[in-house]
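So the sequence shown is residues 1 to 184, counted in my numbering. What follows is a set of notes on a single structure, which appears directly below.
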Amino acid sequence: MTDRYGATAISDRIDVAVRPYRPTDHREGRHLWAELAAERARQYPLAADEGDGETARGAGFEEYLARIDLAGVWVAEDDDEGVVGLAGLVLRENAGEIWPIVVSEPYRDSGIGTALVRAVIDVARRRGMRALGVSPAVRDTAALHCLHRAGFTALASVELTLDLGRRRLDWQEGMDVAGLPFRY
1 MTDRYGATAI SDRIDVAVRP YRPTDHREGR HLWAELAAER ARQYPLAADE
51 GDGETARGAG FEEYLARIDL AGVWVAEDDD EGVVGLAGLV LRENAGEIWP
101 IVVSEPYRDS GIGTALVRAV IDVARRRGMR ALGVSPAVRD TAALHCLHRA
151 GFTALASVEL TLDLGRRRLD WQEGMDVAGL PFRY
(Lines of atoms letter the chains of each structure in order from A and count residues from 1; the text may use other names and numbers.)
(Lines give C-alpha, C1' and ligand atoms only; values in the text may rest on other atoms or scores of the structure.)
Protein backbone atom coordinates (compact mmCIF):
# COMPACT_ATOMS: atom_id res chain seq x y z
CA MET A 1 0.00 0.00 0.00
CA THR A 2 1.42 3.38 -0.98
CA ASP A 3 -0.20 6.80 -0.83
CA ARG A 4 0.59 10.30 -2.00
CA TYR A 5 2.15 11.14 1.38
CA GLY A 6 4.84 8.49 0.91
CA ALA A 7 3.43 6.29 3.66
CA THR A 8 3.63 2.59 3.05
CA ALA A 9 2.11 -0.31 4.94
CA ILE A 10 2.74 -3.95 4.28
CA SER A 11 -0.39 -6.07 4.25
CA ASP A 12 -1.08 -9.34 2.50
CA ARG A 13 -4.77 -9.08 3.36
CA ILE A 14 -5.88 -5.73 1.99
CA ASP A 15 -4.95 -2.81 -0.23
CA VAL A 16 -5.36 0.45 1.65
CA ALA A 17 -4.76 4.08 0.68
CA VAL A 18 -4.07 6.86 3.18
CA ARG A 19 -5.78 10.14 2.27
CA PRO A 20 -7.17 13.27 3.94
CA TYR A 21 -10.47 12.92 5.80
CA ARG A 22 -13.60 14.02 3.91
CA PRO A 23 -17.03 14.88 5.36
CA THR A 24 -18.39 11.73 3.70
CA ASP A 25 -16.13 9.72 6.06
CA HIS A 26 -18.09 10.90 9.12
CA ARG A 27 -20.06 7.72 9.83
CA GLU A 28 -16.97 5.50 9.60
CA GLY A 29 -14.87 8.02 11.54
CA ARG A 30 -17.43 8.09 14.34
CA HIS A 31 -17.44 4.29 14.42
CA LEU A 32 -13.62 4.25 14.70
CA TRP A 33 -13.82 6.83 17.51
CA ALA A 34 -16.25 4.52 19.34
CA GLU A 35 -13.83 1.59 18.85
CA LEU A 36 -11.03 3.70 20.33
CA ALA A 37 -13.17 4.65 23.34
CA ALA A 38 -14.20 1.02 23.89
CA GLU A 39 -10.59 -0.17 23.70
CA ARG A 40 -9.46 2.51 26.16
CA ALA A 41 -12.29 1.53 28.53
CA ARG A 42 -11.22 -2.11 28.27
CA GLN A 43 -7.60 -1.23 29.09
CA TYR A 44 -8.50 1.27 31.82
CA PRO A 45 -11.98 0.64 33.27
CA LEU A 46 -11.80 3.94 35.20
CA ALA A 47 -12.28 5.73 31.87
CA ALA A 48 -15.52 3.83 31.12
CA ASP A 49 -17.89 6.45 32.52
CA GLU A 50 -18.83 7.94 29.13
CA GLY A 51 -21.92 5.76 28.78
CA ASP A 52 -22.65 2.44 27.22
CA GLY A 53 -23.02 1.57 23.58
CA GLU A 54 -21.40 2.78 20.40
CA THR A 55 -23.54 5.94 20.23
CA ALA A 56 -22.29 7.18 23.60
CA ARG A 57 -18.68 6.18 22.92
CA GLY A 58 -18.66 7.89 19.50
CA ALA A 59 -20.20 11.12 20.75
CA GLY A 60 -16.87 12.90 21.16
CA PHE A 61 -16.01 12.65 17.46
CA GLU A 62 -17.95 15.78 16.47
CA GLU A 63 -16.26 17.78 19.25
CA TYR A 64 -12.89 16.52 18.03
CA LEU A 65 -13.58 17.62 14.44
CA ALA A 66 -14.57 21.11 15.68
CA ARG A 67 -11.31 21.73 17.59
CA ILE A 68 -9.57 24.98 16.66
CA ASP A 69 -6.16 23.35 17.05
CA LEU A 70 -6.92 20.44 14.72
CA ALA A 71 -4.51 20.68 11.77
CA GLY A 72 -5.82 17.70 9.83
CA VAL A 73 -7.25 14.20 9.88
CA TRP A 74 -6.25 11.32 7.62
CA VAL A 75 -7.96 8.02 6.97
CA ALA A 76 -6.87 4.62 5.72
CA GLU A 77 -9.38 3.44 3.15
CA ASP A 78 -9.80 -0.10 1.87
CA ASP A 79 -11.42 -0.34 -1.59
CA ASP A 80 -13.87 -2.99 -0.38
CA GLU A 81 -14.42 -2.14 3.29
CA GLY A 82 -14.20 1.66 3.29
CA VAL A 83 -12.43 3.61 6.03
CA VAL A 84 -10.62 1.26 8.42
CA GLY A 85 -8.22 3.66 10.18
CA LEU A 86 -7.93 7.28 11.25
CA ALA A 87 -5.22 9.61 12.58
CA GLY A 88 -5.19 13.30 13.39
CA LEU A 89 -2.66 16.11 13.84
CA VAL A 90 -3.25 18.57 16.68
CA LEU A 91 -1.20 21.80 16.86
CA ARG A 92 0.95 22.53 19.93
CA GLU A 93 2.70 25.90 19.33
CA ASN A 94 5.58 25.07 16.91
CA ALA A 95 5.04 21.36 17.41
CA GLY A 96 2.28 18.88 16.86
CA GLU A 97 0.66 15.87 18.46
CA ILE A 98 -0.69 12.82 16.70
CA TRP A 99 -4.11 12.19 18.19
CA PRO A 100 -5.94 9.95 17.81
CA ILE A 101 -4.60 6.92 16.01
CA VAL A 102 -7.12 4.15 15.60
CA VAL A 103 -7.34 1.15 13.29
CA SER A 104 -10.45 -1.02 13.22
CA GLU A 105 -9.84 -4.23 15.16
CA PRO A 106 -9.93 -6.68 12.21
CA TYR A 107 -7.25 -4.62 10.41
CA ARG A 108 -4.75 -4.19 13.23
CA ASP A 109 -1.23 -5.61 12.89
CA SER A 110 -1.30 -5.09 9.11
CA GLY A 111 0.81 -1.91 8.92
CA ILE A 112 -2.13 0.48 8.60
CA GLY A 113 -1.35 2.30 11.85
CA THR A 114 2.27 2.74 10.78
CA ALA A 115 1.15 4.13 7.41
CA LEU A 116 -1.17 6.63 9.10
CA VAL A 117 1.58 7.72 11.51
CA ARG A 118 4.07 8.16 8.66
CA ALA A 119 1.55 10.26 6.72
CA VAL A 120 1.11 12.59 9.71
CA ILE A 121 4.89 12.75 10.25
CA ASP A 122 5.33 13.77 6.61
CA VAL A 123 2.74 16.55 6.93
CA ALA A 124 4.34 17.81 10.17
CA ARG A 125 7.75 17.95 8.47
CA ARG A 126 6.36 19.81 5.45
CA ARG A 127 4.72 22.34 7.79
CA GLY A 128 8.05 22.97 9.53
CA MET A 129 7.04 21.68 12.95
CA ARG A 130 10.00 21.31 15.31
CA ALA A 131 8.67 18.21 17.09
CA LEU A 132 5.83 15.74 16.98
CA GLY A 133 4.48 14.00 20.06
CA VAL A 134 2.07 11.18 20.71
CA SER A 135 0.60 9.82 23.95
CA PRO A 136 -0.46 6.19 23.65
CA ALA A 137 -1.94 4.29 26.56
CA VAL A 138 0.91 2.44 28.29
CA ARG A 139 -1.11 -0.78 28.18
CA ASP A 140 -1.57 -0.49 24.41
CA THR A 141 1.52 -2.48 23.50
CA ALA A 142 0.56 -2.74 19.82
CA ALA A 143 0.44 1.06 19.57
CA LEU A 144 3.74 1.37 21.42
CA HIS A 145 5.40 -1.03 18.97
CA CYS A 146 3.90 0.79 15.98
CA LEU A 147 5.10 4.17 17.25
CA HIS A 148 8.54 2.87 18.14
CA ARG A 149 8.91 1.49 14.58
CA ALA A 150 7.96 4.94 13.27
CA GLY A 151 10.79 6.56 15.25
CA PHE A 152 9.15 7.63 18.50
CA THR A 153 11.91 6.50 20.88
CA ALA A 154 12.31 9.52 23.19
CA LEU A 155 10.15 10.11 26.28
CA ALA A 156 9.30 13.82 26.48
CA SER A 157 6.75 13.71 29.28
CA VAL A 158 4.97 11.21 31.48
CA GLU A 159 1.34 11.45 32.60
CA LEU A 160 0.88 10.11 36.13
CA THR A 161 -2.41 8.99 37.65
CA LEU A 162 -3.36 8.80 41.32
CA ASP A 163 -5.94 6.04 41.83
CA LEU A 164 -8.31 7.53 44.42
CA GLY A 165 -9.86 4.15 45.11
CA ARG A 166 -13.51 4.61 44.16
CA ARG A 167 -13.19 1.92 41.49
CA ARG A 168 -9.80 0.32 41.98
CA LEU A 169 -8.03 -0.56 38.78
CA ASP A 170 -5.86 -3.65 38.63
CA TRP A 171 -2.57 -1.86 38.06
CA GLN A 172 0.30 -3.89 36.63
CA GLU A 173 3.82 -3.71 38.05
CA GLY A 174 6.99 -3.44 36.05
CA MET A 175 7.75 -0.02 34.63
CA ASP A 176 10.78 1.98 35.74
CA VAL A 177 11.43 5.59 34.75
CA ALA A 178 14.32 7.61 36.18
CA GLY A 179 15.08 4.73 38.52
CA LEU A 180 11.59 4.87 40.07
CA PRO A 181 9.08 2.01 39.96
CA PHE A 182 5.66 2.71 38.45
CA ARG A 183 2.51 0.69 37.89
CA TYR A 184 0.54 0.90 34.69
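Just so you know, even glycine gets a beta-carbon here, dropped at the ideal spot from N, CA and C.
Which listed residue (the options) has its alpha carbon closest to that of residue i
i: ASP69; options: GLY29, ASP78 and GLU93; result: GLU93
i: ARG186; options: GLU105, LEU132, TYR107 and ARG108; result: The structure shown does not extend to residue 186, since the chain is modelled only from 1 to 184, so the question has no answer here.
i: ILE101; options: PRO181, ARG30 and GLY174; result: ARG30
i: ALA87; options: MET129, PRO23, VAL73 and PHE182; result: VAL73
i: GLU35; options: ASP163, ALA59 and LEU155; result: ALA59
For residue i, three-class secondary structure by DSSP
i: LEU132; result: strand
i: GLY151; result: coil
i: LEU91; result: strand
i: GLY58; result: helix
i: LEU169; result: coil
Host alpha helix (DSSP H) of residue i (start-end)
i: ALA115; result: 112-126
i: ARG27; result: 26-43
Residues near residue i in its chain [Cβ-Cβ closer than 8 Å; skip 5 each side]
i: ALA150; result: THR114, VAL117, ARG118 and ILE121
Length of the line joining the Cα atoms of residue i and residue j
i: GLY165; j: ARG57; result: 24 Å
i: ALA71; j: GLN172; result: 35 Å
i: ILE98; j: SER135; result: 8 Å
Span of the beta strand (DSSP E) around residue i
i: ALA95; result: 95-103
i: GLU72; result: Per the sequence shown, the amino acid found at residue 72 is Gly instead of Glu. Looking at the DSSP string, the run of the beta strand (DSSP E) that includes GLY72 is 70-78.
i: GLU173; result: 173-177
i: PRO181; result: 180-183
Same chain only: Cβ atoms within 6 Å of residue i, ignoring 5 sequence neighbours per side
i: GLY82; result: GLU28
i: GLU159; result: none
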